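Engineer:
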Amino acid sequence: MLGLRKRAHVYHGNMYDFDLGDADVVTIYLLQGTNQKMKGRLGDRMRPGAKIVSHSFSMEGWMPTAIDDTKNIFMYEIGKAGADVQTRFV
Ligand SMILES: C[S@@+](CC[C@H](N)C(=O)[O-])C[C@H]1O[C@@H](n2cnc3c(N)ncnc32)[C@H](O)[C@@H]1O
């Protein structure tokens with residue numbers, strides 16, 4: 710639909726074994742503690758503008774660029790702090 714079919718990949722395995730540095734968007738549904746462990750791996754390796762979308766749990770200490778508080782989804786953008794965290798996804 711958006712022409713993303715060939716660009717989207719689903720990997721099965723231990724997430725610590727994957728280098729996500731080239732990803733434009735990483736979606737996660739983990740737990741608060743595992744989100745914290747992923748922060749370094751994602752924040753240090755992903756390029757500015759890349760997005761992390763987390764279901765249910767925030768990335769403690771990071772400011773989201775968007776939140777959907779009806780679905781409990783937090784979006785973060787590398788290199789950008791959320792100016793308007795009330796922005797909803799559309
Ligand atoms: C809140 S549950 C999400 C459940 C599932 N993804 C779903 O959609 O219902 C968190 C998940 O993180 C997974 N997880 C924790 N550490 C992981 C790791 N190192 N690699 C891959 N998955 C991991 C757990 O197996 C668990 O299923």
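Each residue of the sequence shown is one higher than the one before, counting from 710 in our numbering.
Glycine residues also receive a C-beta, built at the ideal position from the N, C-alpha and C atoms.
All values derive from a computational prediction rather than experimental measurement.
1) For R748, which three-state DSSP category applies?
2) CB-CB under 6 Å to K748, same chain, minus the five flanking residues each way: which ones, in chain order?
3) Around the Cβ of P773, are there at least 16 other Cβ atoms within 10 angstroms (buried) or fewer (exposed)?
4) For the beta strand (DSSP E) containing D776, list its first residue and its last residue.
5) From F766 to G730, what distance separates their C-alpha atoms?
Structural biologist: To lay it out plainly:
1) The sequence as given places Lys at residue 748; Arg does not occur at that position. Here K748 sits in helix by DSSP.
2) M768
3) buried
4) Checking the sequence, you will find Ile at residue 776 rather than Asp. According to the DSSP assignment, I776 belongs to the beta strand (DSSP E) that extends over A775 to D777.
5) 22 Å
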